[in-house]
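Contents: one structure, followed by commentary.
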Ligand SMILES: Cc1cc2nc3c(=O)[nH]c(=O)nc-3n(C[C@H](O)[C@H](O)[C@H](O)COP(=O)(O)O)c2cc1C
Ligand code: SF4
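In the numbering used here, the protein residues as written are 7 to 643.
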């Protein structure tokens, strides 16, 4: 495989092409936890790890990124030394500033290149950085990078992408300065170019230097965003400046789903198109990222010559060992990302430290790491959704004897249904991982087996993990709920319903909206009603929300909020909005009103046997919660 071939960035040789791209993890300034988090990825076979640091927090205040200074130096050095033991190079990614909403407590406003609105449509404008502040930031960049070199880093990456501070300086939309840092192309590039010049002076002309930038924001150039023409000009400029590799990204915070593609992004990401174009105008190695933890896509991008180095972010969170697994022909054991963004970027954005929906050890290396038991137990797992599968695999890896009972004929529980929409199909890959590992670990799995309390007691396990999931809610109080024309979103997604052309979906949560899109794409006319005053009333993380909202903008879909289902008739439903009743004609009613926990078995057994209830059988929630509870239950044995 091309990804396993070595490659050079200037004088630096990487043993393979899988590089972990920077992810500010919000786990402090190189304490033990942060060190363990990075070293775990080095051990897993990454050829280089990019470690994000801020130059200073005096302007932007607290951010998820670390600071490298005299206090954190020893921890950082330990990180570098320990990564090197695995022949994994370390690249420090320096972030000169944020340029978004954050600000240091003693500052009146967030700062940026110019006094433009803080976000599109905002009345509040940024504080325009003064020249003294610019010099201060650049000085802090220099100080940090000198320390990094002293600690033994192998490369530097300058963070200049995605509408953050450096990109703000570089982009007409956000840079309306009239001094030498604004206006012409040369002036807008000055902030970055001065940092490049300083870095070369401080670290040496040949010290491997990478710039992560955005050649195309994929937003209208007439609104001041960058188009590819200027992007290519920047690429050529950087090559002339003596940069050793280019790291290509696309989008910005105004279309953030492009920079951090969610599950709905099934096609090759636009980063590949931008890289392909940049490749034509430079001879520098190109790194790019964007769901390239899907190793088949990464290999294609390498083979096609769009990129030279595979940047992987979230894929390293779900499976730190994936490069080694590729090397050892164990690709079927890769635990793929489900691109939910719930544990990683969502946690970090909300001020919690990094986390992962399918890998509960991420961010908790050394804290939640499973250890081999010297007292093996007999474990029965009931339910083979992500929680049940994770519990079974974790228990078997810890050395316990494990059996799973699953009432369906397959793995996955309700998560399987969630992956059925064609625009989410990649999610199913994590189920392939579960299937492989259940097999490799000789976990017995009995399908089509509905657990009864008597049978569980007869089986006599030492511990039961109850992961029985949830059942779609069908409120008995609604007149007509049992009519033939009523079905559930779950049955629709599984193609178990016969539907006419006009469909009403009841409930505009994730399941209702996604089911609506599936049916609209089949040519059905869809009305989604929601009793709350907005669609998607539950929190959906911003990148996923942005892209889902685009998909919902479909000519066949109409949404009605603050609208309550009152009655179902043979040819219509009665709804109430603001106390006024209305009749909506339709062929079918699809219920997407949430899931009720299947907790009956747990309730019957909880006083008779050692049993723990996890996931949706406690309360319908996300994969993140379910898998975390599964892991904790096994750690507690
Ligand atoms: C939790 C998290 C933090 C991130 N922080 C940074 C960062 O500090 N610097 C950066 O350049 N990109 C950052 N990114 C973006 C990633 O480097 C990468 O561009 C993006 O996740 C797409 O790659 P992927 O699909 O392989 O995850 C972050 C991404 C995540 C998920
Ligand atoms: S939280 Fe979700 S998107 Fe983030 S790394 Fe884990 S599986 Fe992937």
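Built from N, CA and C at the ideal position, the CB exists for glycine as well.
Please read these numbers as outputs of a predicted model, since none were measured by experiment.
Where the beta strand (DSSP E) containing residue i begins and where it ends
i           : result
residue 56  : 54-60
residue 161 : 161-166
residue 74  : No beta strand (DSSP E) holds residue 74; DSSP gives it neither H nor E.
residue 494 : 492-494
residue 541 : From DSSP, residue 541 is part of no beta strand (DSSP E); its letter is neither H nor E.
residue 15  : 13-15
residue 449 : Taken as a continuous stretch (DSSP letters only), residue 449 belongs to no beta strand (DSSP E), as it is neither H nor E.
Nearest candidate by alpha-carbon position, reference residue i, set the options
i           : options               : result
residue 472 : 509, 540, 528 and 390 : 390
residue 326 : 347, 362, 464 and 294 : 362
residue 398 : 14, 113 and 448       : 448
residue 269 : 134, 27, 198 and 552  : 552
residue 160 : 57, 141 and 611       : 57
residue 608 : 597, 622, 596 and 403 : 622
residue 604 : 419, 346, 375 and 578 : 419
residue 381 : 401, 20 and 501       : 401
residue 427 : 467, 484, 527 and 352 : 527
residue 28  : 388, 225, 70 and 333  : 70
residue 532 : 541, 171, 521 and 179 : 521
residue 289 : 437, 478, 248 and 626 : 248
residue 570 : 35, 637, 429 and 481  : 481
Secondary structure of residue i, DSSP reduced to three states
i           : result
residue 47  : helix
residue 29  : coil
residue 92  : coil
residue 130 : coil
residue 436 : helix
residue 24  : strand
residue 403 : helix
residue 510 : strand
residue 483 : coil
residue 148 : helix
residue 281 : helix
residue 395 : helix
residue 64  : coil
residue 384 : strand
residue 101 : strand
residue 566 : strand
residue 106 : coil
residue 143 : helix
residue 376 : coil
residue 581 : strand
residue 477 : strand
Identity of the residues DSSP links to residue i by a beta bridge
i           : result
residue 38  : Its beta-bridge partners do not exist; DSSP assigns none.
residue 619 : 472
residue 535 : 512 and 566
residue 214 : For residue 214, which the question treats as bridged, DSSP gives no partner whatsoever.
residue 123 : 131
residue 416 : DSSP output for residue 416 lists no bridge partner at all.
residue 428 : Paired residues: none, contrary to the question.
residue 410 : 387 and 451
residue 18  : 15
residue 118 : 134
Residue i, enclosing alpha helix (DSSP H) - first and last residue
i           : result
residue 463 : 459-465
residue 550 : 548-558
residue 572 : It is not in any alpha helix (DSSP H) - residue 572 instead sits in the beta strand (DSSP E) that spans 569-574.
residue 208 : 191-209
residue 517 : 516-527
residue 505 : Per DSSP, residue 505 belongs to no alpha helix (DSSP H) and is neither H nor E.
residue 635 : 629-641
residue 174 : 171-176
residue 421 : 419-424
Quiz item: What residue ranges within the region 291-358 form continuous alpha helix (DSSP H) runs of no fewer than 4 residues, ordered along the chain?
Solution: 301-309, 320-324, 328-333 and 351-355
Practice problem: Write down every uninterrupted run of the beta strand (DSSP E) in the region 217-279 whose length is 3 residues or greater and which is fully enclosed by it, in chain order. | Solution: 251-256
Practice problem: Note down, one range per segment and in chain order, each alpha helix (DSSP H) of at least 4 residues found wholly within the region 583-613. | Solution: 606-611
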